[in-house]
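J.:
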Amino acid sequence: MTEKYLSMWKDLKLDINAHDQLLKTLGNSYRDIYLAQNNRPGGIKYFDFVMNEVHGLRIKELMDEKEQGRKIIGSFCVFVPEEIVLAANATLVGLCTGADFDVEKVERYLPRNTCSLIKSAMGFKLGRVCPYLETADMIVGENTCDGKKKAYESLDAMVDNLYVMDLPQMKSEKGRDLLKSEYMRFQKSVEELTGVKITFDSLKEAIKTVNDKRSALHRLAELRQSDPAPISGLDALLANQISFYDNPARFTESLNRICDELEIRIKENQSLKSKKIPRILISGCPMAIPNWKLPWITETSGAVIVGEESCVGERGARNLTDDSGADRDELMDAITDRYFKVDCAIFTPNKDRLNHIMEMVKTYKADGVIHYGLQFCQPYLMESIPVEKALEAQDIPCLRIETDYGMEDAGQLKTRVEAFIEQLQ
Ligand code: BJ8
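Be aware that the sequence shown starts at 1, since it is given in the working numbering, and climbs by one per residue.
#1: Closest to Y163 by CA distance: which of K171, S154, M170 is it?
#2: For T321, which of helix, strand or coil comes out of DSSP?
#3: Here's a check: name, in chain order, each residue in its chain whose Cβ is nearer than 7 Å to the Cβ of L178, leaving out the five neighbours to either side.
#4: At 3 residues or longer, what runs of the beta strand (DSSP E) sit wholly inside the region 143–210?
#5: Starting from the N-terminal end, write out each residue whose C-beta falls within a distance shorter than 6 Å of any non-hydrogen atom of the ligand BJ8.
#6: Would you mind listing the beta strand (DSSP E) stretches within the region 283–315 that are 3+ residues and don't spill past its ends, in chain order?
#7: Since I72 and T135 should fall inside the 8 Å C-beta cutoff, what is the C-beta to C-beta distance between them, to a whole number of angstroms?
#8: Round the Cβ separation of I266 and L217 to the nearest angstrom and send it over; I've been treating them as touching at under 8 Å.
#9: Which two residues bound the contiguous alpha helix (DSSP H) that contains R353?
#10: In chain order, what are the residue ranges of uninterrupted alpha helix (DSSP H) at least 4 long that sit wholly in the region 100–146?
#11: Can you find at least 3 beta carbon pairs, one from the region 195–208 and one from the region 87–94, that sit closer than 8 Å?
#12: Taking C259 as part of the alpha helix (DSSP H), name the residues at either end of that continuous run.
#13: What is the DSSP secondary structure of I72, reduced to helix, strand or coil?
#14: Looking at the strands, I want to know which residues DSSP matches up with L374.
#15: Roughly how many whole angstroms lie between the Cα atoms of M170 and E418?
#16: In terms of DSSP beta bridges, what is G233 paired with?
#17: Taking R328 as the reference, give the member of M184, A303, M63, S232 with the closest Cα.
#18: Under 8 Å, with one C-beta from each stretch per pair, do the region 277–286 and the region 366–382 reach the 3-pair mark?
#19: According to DSSP, which residues form a beta bridge with I280?
#20: Here's the rule I'm using: 16 or more other beta-carbon atoms within 10 Å means buried, otherwise exposed. How should D343 be labelled?
#21: So, helix, strand or coil for L331, using DSSP?
#22: Below 7 Å between beta carbons: does that hold for V80 and V140?
#23: With 16 as the cutoff for other CB atoms within 10 Å, does Q270 come out buried or exposed?
#24: How should E314 be labelled, buried or exposed, when 16 other C-beta atoms within 10 angstroms of its C-beta is the threshold for buried?
#25: With E388 and C398 assumed to form a contact (beta carbons below 8 Å), what rounded beta-carbon distance in angstroms separates them?
#26: Taking 7 Å as the cut-off, decide whether the C-beta atoms of L294 and A229 are in contact.
#27: Could you spell out where the alpha helix (DSSP H) holding G411 opens and where it closes?
#28: Measuring CB atoms only, is the region 244–263 touching the region 54–73, in the sense that at least three cross pairs come out at less than 8 Å?
#29: Which runs of the alpha helix (DSSP H) fall wholly inside the region 7–59 and span at least 4 residues, in chain order?
#30: Among W292, G325, K275, which one has its Cα closest to the Cα of G302?
#31: Sort out for me which residues DSSP pairs T91 with in a bridge.
#32: If you drop the 5 nearest sequence neighbours on each side, which residues of the same chain put their C-beta closer than 7 Å to that of R70?
#33: Could you work out which residue in Y30, K10, W9, K4 is closest to P290 when comparing CA atoms only?
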């Protein structure tokens, strides 16, 4: 792949040596974690292909789109509405935040006690190894947690195309008004960037495209409710991760094809594993590509992950946008209402998230919950305590994990996860 896309990466001014190193590491962990699994559905080969080409063919496609005048918008958060971006004839891509890079350099800009996700975003920029970041015509940051908020001030000094979206912190009427006004402001900025006026028809069509993508993710989630689970949590996570990068219509079609296959598996009672194994719900911080550490440890310790209460999972993908509005403003209201339901831990109070975790335990027939908190992530680590208490009050076993992107604690994590799974058995 290196030779084939070398000139493109050079044009994007990537650090070629560092980027080669990154691709090598990514390829090795994908082989050891993903390709080592047994009994994967045949359709998952498409996602293997996408992963193989995540810095290659997909970037080439984005560059081709740019050549035809289409703008690329990069985002770090599920609060950035893809519907608005698509309606202005632009493309939304998730930005890389799932691996450590250039940590030493990053710590010259950010305190050491910053979460891995934020450090990763900064490391990919400082190291010039993320082609998505370099392709983007607009990078959208959002005022969510304090770490991100302040890190965007540093990022702003490194790029000339950062747009920061303000976000509410309370689920109040005022909070909803703020979200709507921020979405209106974003819509205007996207129109200015693309030179395309968002119309009722283009917005309605974009809502349909995104709803179709989310419906395919919902279908996958529903199939995972079957016992035994028809697909590994690792592969389901991969589908959720890729949904942030791939062309939405193509992604929807490919995922629906996998779901067709899983339906047959369920009908024919083909089990992923030969014996019954504990079912785990993962809840907490988002896991961006290639953050596979905890799911990999969990699923190689004798359990299967059946759901993710996460932004790269059900928190991010649940709820469709109502497309029955009669005019553009009504559709913008529907978009606001849909996103206002996202129960990120930056909200206070945040009862909805707790209720959602409880509901997911039941729906997915989970035997236990692993709460995943990134080190130094105050919102999710703070919430992990009431989450654990509420689960324990209902006799639902919960394991609270606090970790980062490094592999140094992998052995210790495995011991804890194995003991937890044994307790579930
Ligand atoms: S909507 S979860 S994608 S903000 S892990 S950076 S919270 S200190 S990522 Fe998120 Fe949007 Fe919320 Fe979802 Fe801060 Fe925590 Fe780091 Fe985090």
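All residues carry an ideal CB built from backbone N, CA and C; glycine is no exception.
T.: Concretely, from the data shown:
#1: Nearest C-alpha to Y163: S154.
#2: coil
#3: So the qualifying residues of the chain are D166, P168.
#4: 162–165
#5: C77, V78, F79, C115, L117, I118, T144, C145, G147, K148, C285, P286, C311, V342, C344, I346, L374, C377, P379, Y380
#6: 304–309
#7: 5 Å
#8: The pair is not a contact, with the Cβ atoms about 17 Å apart (cut-off 8 Å).
#9: 351–363
#10: 103–106, 116–126, 131–135
#11: The region 195–208 is in contact with the region 87–94.
#12: 248–267
#13: strand
#14: T403
#15: Distance between M170 and E418, taken at the CA atoms: about 38 Å.
#16: DSSP, once it has assigned bridges, lists no residue as partnering G233.
#17: M184
#18: Enough Cβ pairs lie closer than 8 Å, so yes.
#19: I305, G368
#20: Counting other Cβ atoms within 10 Å of its Cβ, D343 reaches 16 or more and is therefore classed as buried.
#21: helix
#22: yes
#23: exposed
#24: buried
#25: 5 Å
#26: Cβ distance not < 7 Å, so L294 and A229 don't count as in contact.
#27: 410–424
#28: Output reads yes: the region 54–73 touches the region 244–263.
#29: 16–30, 45–52
#30: K275
#31: I72
#32: N89, A90, T91
#33: Y30
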